[in-house]
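Chemist: For the sequence shown, our numbering assigns the number 25 to the initial residue and increments by one for each residue that follows.
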Amino acid sequence: MKLLSRAVKIKYLLLVAITVFVIFGNLVFMQRVQHLKMDNAKIINLLGKEQLILNRIGNHRVSNDKDSVKFNQILFEFSKLEKINNALIDGDEELGLHDMENLKLKKKMVKLRDSLIVLKSKVSKKVSSVQSFLDLHILIETCLERIADDFFQDTQSKYLFIYKLQIALALLTVVAFLVVILFNYMPLEKKLQDSFIELEKQDYNLRSLINSTRESIYYLSKKGKVLYFNKLGKDSLLKRTGKEVCVGDDFEQFLFVGMEDRFHDCFQKAMNLQISEMEWQIVLEGKLVWYYFGFFPVVNEKSTILGVSFIASNIQEKKQAALKNEAYVSELEKIAWKQSHLLRAPVANIIGLSKLLLRNPERQLSAETKHLLSMITAETEKMDQEIHKIVQYSSRLSSKIDILKMDS
Numbered sequence: 025m026k027l028l029s030r031a032v033k034i035k036y037l038l039l040v041a042i043t044v045f046v047i048f049g050n051l052v053f054m055q056r057v058q059h060l061k062m063d064n065a066k067i068i069n070l071l072g073k074e075q076l077i078l079n080r081i082g083n084h085r086v087s088n089d090k091d092s093v094k095f096n097q098i099l100f101e102f103s104k105l106e107k108i109n110n111a112l113i114d115g116d117e118e119l120g121l122h123d124m125e126n127l128k129l130k131k132k133m134v135k136l137r138d139s140l141i142v143l144k145s146k147v148s149k150k151v152s153s154v155q156s157f158l159d160l161h162i163l164i165e166t167c168l169e170r171i172a173d174d175f176f177q178d179t180q181s182k183y184l185f186i187y188k189l190q191i192a193l194a195l196l197t198v199v200a201f202l203v204v205i206l207f208n209y210m211p212l213e214k215k216l217q218d219s220f221i222e223l224e225k226q227d228y229n230l231r232s233l234i235n236s237t238r239e240s241i242y243y244l245s246k247k248g249k250v251l252y253f254n255k256l257g258k259d260s261l262l263k264r265t266g267k268e269v270c271v272g273d274d275f276e277q278f279l280f281v282g283m284e285d286r287f288h289d290c291f292q293k294a295m296n297l298q299i300s301e302m303e304w305q306i307v308l309e310g311k312l313v314w315y316y317f318g319f320f321p322v323v324n325e326k327s328t329i330l331g332v333s334f335i336a337s338n339i340q341e342k343k344q345a346a347l348k349n350e351a352y353v354s355e356l357e358k359i360a361w362k363q364s365h366l367l368r369a370p371v372a373n374i375i376g377l378s379k380l381l382l383r384n385p386e387r388q389l390s391a392e393t394k395h396l397l398s399m400i401t402a403e404t405e406k407m408d409q410e411i412h413k414i415v416q417y418s419s420r421l422s423s424k425i426d427i428l429k430m431d432s
């Protein structure tokens, strides 16, 4: 009996594939989220660096605008600031950044870049007043802080959406698992349960059939250990030995006295795929009782020996009936012999004498006498035919009894 039909297998594989796809998609999405978090962390870090560099530029400009070293330091800081700003706008492979996806923030970053160019020109010309520099510097700092705040808010919104999407994917994965269980495992479990119930029913029928026999049946392993026994086998051993047989017991402890050698010989023959049957008189409760013993090899579909089936049956009544039949047949044979030899001989003589008297022309017999002799001859012949039938019936009955004895 097939547990899964082709349609069920296809449906099962399809749902499993969907589940695997959902899980794989979830993993891919999680990797994408991790990359996004790393990129956002880099951008926030660079925006922070921009603020620090801008502060250093302001401090250098205010501390001493005539010092050439300070001037060169300011220009160096501006170059770093421009590189970071360009990387945030257009992306940079060296820094591992992609183009900014938020167009509003990108426009603000472009305006910030233009403002930085103006601020750098003020420093380079060295003619602008410190106050005008600081005013533009403060304006750029404020703009940079707003960009950082906007980017943080945008990131938080994305993260909130991502968290919701992760929850949805997790729920979808759970739903996929539940669908697999609902549409595949549950029917499969029911089919397995039905199969188990059917096997239990078959096992019950088989046990009932085996337990209804009049023979003690034992299934022994290749080492002579008890693997199975029917109810009569259990009860007979308990009654005879006082021991309750259990699976795993060595069966030799339950053998009849004096049976050990024959048992081992027949057991070995069964292990060699030979069937052994015998009738033997054993002593039971102080009396000689006839028993039938059978040794049958148990094999699998590959003809590999698995064990031995040992059958024992009390045939005392059958043997007694057979002896009675033998006595009956002997009496029938005696009767048939008497009928064929002791009765048929006188009958044949009477028939012969009657025919002789009727055929002898020298004897002058009256018509009445001839009629009486004819009647005597006819009736005697009838008697001879009946005796012949009885003899034939006795012979057939004797043959049938012999056949029954051979079958038993």
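Backbone N, C-alpha and C fix where the C-beta goes; we use that ideal spot for every residue, glycine too.
1) Can you tell me the Cα-Cα spacing of Asp285 and Lys255, whole angstroms?
2) According to DSSP, is Gly272 part of a helix, a strand, or is it coil?
3) Thinking just about the alpha-carbon of each residue, which of Arg137, Ile98, Arg80 is nearest to the one in Ile108?
4) Quick one: measure Cβ to Cβ for Leu105 and Ile171, integer angstroms, because I've assumed they're closer than 8 Å.
5) For Ser333, name the three-state secondary structure that DSSP assigns.
6) If you compare alpha carbons, which of Lys135, Tyr183, Ser240, Arg80 is closest to Met54?
7) Could you check the C-alpha separation between Glu403 and Leu347 for me, to the nearest Å?
8) Just to confirm the assignment: which complete beta strand (DSSP E) runs, minimum length 3, are found wholly within the segment 174 to 258?
9) Report the three-state DSSP secondary structure of Phe280 (helix, strand or coil).
10) Could you please give me the residues that DSSP links to Ser300 through a beta bridge?
11) Considering only their Cβ atoms, is the gap separating Thr43 from Ala192 smaller than 9 Å?
12) Is Asn69 helix, strand or coil when you go by DSSP?
13) On the criterion of 16 or more Cβ atoms from any shown chain inside 10 Å, does Glu325 qualify as buried, or is it exposed?
14) Indicate, with yes or no, if the ligand GTP has a heavy atom lying under 8 Å from the CB of Ala345.
15) Going by Cα to Cα distance, which pick from Gln190, Asp178, Asn110 is closest to Leu140?
16) Run through the DSSP bridge pairs and tell me what Ile306 is partnered with.
17) Are the C-beta of Gln155 and some C-beta of chain B separated by less than 9 Å?
18) How about Phe278 and Phe319: are their beta carbons less than 9 Å apart?
19) Are the CB atoms of Ile81 and Phe175 nearer to each other than 9 Å?
20) Take Leu189 as the anchor and find which of Val57, Lys293, Ser236, His161 has the nearest alpha-carbon.
21) Let me know if Met302 comes out buried or exposed under the rule of 16 or more other beta-carbons within 10 Å of its beta-carbon.
22) For Asn338, name the three-state secondary structure that DSSP assigns.
23) Straight-line CA distance for Ile186 to Gln75?
24) According to the Cβ coordinates, are Gly331 and Ser245 closer than 9 Å?
25) Straight-line CA distance for Gly248 to Ile329?
26) Between Ile339 and Trp314, how many whole angstroms is the CB-CB distance? I'm expecting something under 8 Å.
27) Just tell me which of Lys73, Ile98, Leu70, Lys311 has its CA closest to the CA of Asn83.
28) Select from Leu71, Lys131, Leu160, Lys144 the residue whose C-alpha is nearest the C-alpha of Leu121.
29) What do you reckon, are the CB atoms on Ile374 and Ile400 nearer than 9 Å?
30) Report all residues from its chain with a CB closer than 8 Å to the CB of Lys267; omit the five preceding and five following residues, and keep chain order.
31) Measure from the alpha carbon of Leu168 to the alpha carbon of each residue in Gln155, Lys146, Met133, Cys270, then state which is nearest.
Modeler: The relevant details are as follows:
1) Walking along the sequence shown from the start, residue 285 turns up at place 261. Walking along the sequence shown from the start, residue 255 turns up at place 231. Near 26 Å, if we compare the C-alpha coordinates of Lys255 and Asp285.
2) Residue 272 sits at position 248 when you count from the first residue of the sequence shown. Correct three-state label for Gly272: coil.
3) Taking the sequence shown and counting its residues from 1, one reaches residue 108 at position 84. Selected option, being the one with the closest Cα: Arg137.
4) Within the sequence shown, residue 105 is the residue found at index 81, counting from 1. Within the sequence shown, residue 171 is the residue found at index 147, counting from 1. Not confirmed; about 14 Å, so no contact.
5) Locating residue 333 in the sequence shown gives position 309, where the first residue counts as 1. The answer is strand: DSSP assigns Ser333 an E or B state.
6) Residue mapping note: residue 54 aligns to position 30 of the sequence shown, counting from 1. Per the Cα distances, Tyr183.
7) Residue numbering aside, residue 403 sits at position 379 when the sequence shown is read from its first letter. Residue numbering aside, residue 347 sits at position 323 when the sequence shown is read from its first letter. Answer to the nearest angstrom: the Cα atoms are 39 Å apart.
8) 240 to 245, 250 to 253
9) Indexing the sequence shown from 1 puts residue 280 at position 256. Note: Phe280 maps to coil in three-state DSSP.
10) Within the sequence shown, the letter at position 276 stands for residue 300. Phe319.
11) Along the sequence shown, read from residue 1 onward, the residue named residue 192 stands at position 168. Along the sequence shown, read from residue 1 onward, the residue named residue 43 stands at position 19. No; because the gap between Cβ atoms is not below 9 Å, this pair is not in contact.
12) Along the sequence shown, one-based indexing puts residue 69 at 45. Three-state result, Asn69: helix.
13) Taking the first residue of the sequence shown as position 1, residue 325 is located at position 301. Exposed, because fewer than 16 other Cβ atoms sit within 10 Å of the Cβ of Glu325.
14) In terms of ligand content, the structure shown is empty, and the ligand GTP therefore cannot be addressed.
15) Taking the sequence shown and counting its residues from 1, one reaches residue 140 at position 116. Nearest C-alpha to Leu140: Asn110.
16) Numbered from its first residue, the sequence shown carries residue 306 at position 282. Bridge partners of Ile306: Val313.
17) Here chain B cannot be found, since the structure has a single protein chain.
18) Indexing the sequence shown from 1 puts residue 278 at position 254. Indexing the sequence shown from 1 puts residue 319 at position 295. Cβ atoms of Phe278 and Phe319: not closer than 9 Å.
19) Along the sequence shown, read from residue 1 onward, the residue named residue 81 stands at position 57. Along the sequence shown, read from residue 1 onward, the residue named residue 175 stands at position 151. No, they are not a contact pair.
20) Residue 189 sits at position 165 when you count from the first residue of the sequence shown. Taking only the C-alpha atoms, the option nearest Leu189 is Val57.
21) Against the sequence shown, residue 302 aligns to sequence position 278. Exposed.
22) Position 314 of the sequence shown, counted from the start, is the residue given in the question as residue 338. Strand at Asn338.
23) For this step, residue 186 is matched to residue 162 along the sequence shown. For this step, residue 75 is matched to residue 51 along the sequence shown. Rounded to the nearest angstrom, the two C-alpha atoms are 29 Å apart.
24) As a first step, residue 331 is located in the sequence shown; it is residue number 307 there, counting from the start. As a first step, residue 245 is located in the sequence shown; it is residue number 221 there, counting from the start. Yes, they are a contact pair.
25) In the sequence shown, the residue the question calls residue 248 occupies position 224. In the sequence shown, the residue the question calls residue 329 occupies position 305. Taking the straight line joining both Cα atoms gives about 13 Å.
26) Taking the sequence shown and counting its residues from 1, one reaches residue 339 at position 315. Taking the sequence shown and counting its residues from 1, one reaches residue 314 at position 290. About 5 Å separates the two Cβ atoms, so the contact holds.
27) The count along the sequence shown starts at 1 and reaches residue 83 at position 59. Checking every option, the nearest Cα to that of Asn83 belongs to Ile98.
28) If you number the sequence shown from 1, residue 121 lands on position 97. When only C-alpha atoms are compared, the closest one is Leu71.
29) By 1-based counting over the sequence shown, the position of residue 374 is 350. By 1-based counting over the sequence shown, the position of residue 400 is 376. A contact, by the Cβ cut-off of 9 Å.
30) Counting from 1 along the sequence shown, the entry for residue 267 is found at position 243. Result list for Lys267: Leu261, Gln277, Phe278, in chain order.
31) Counted from its first residue, the sequence shown places residue 168 at position 144. Ranking the options by Cα distance to Leu168, first place goes to Met133.
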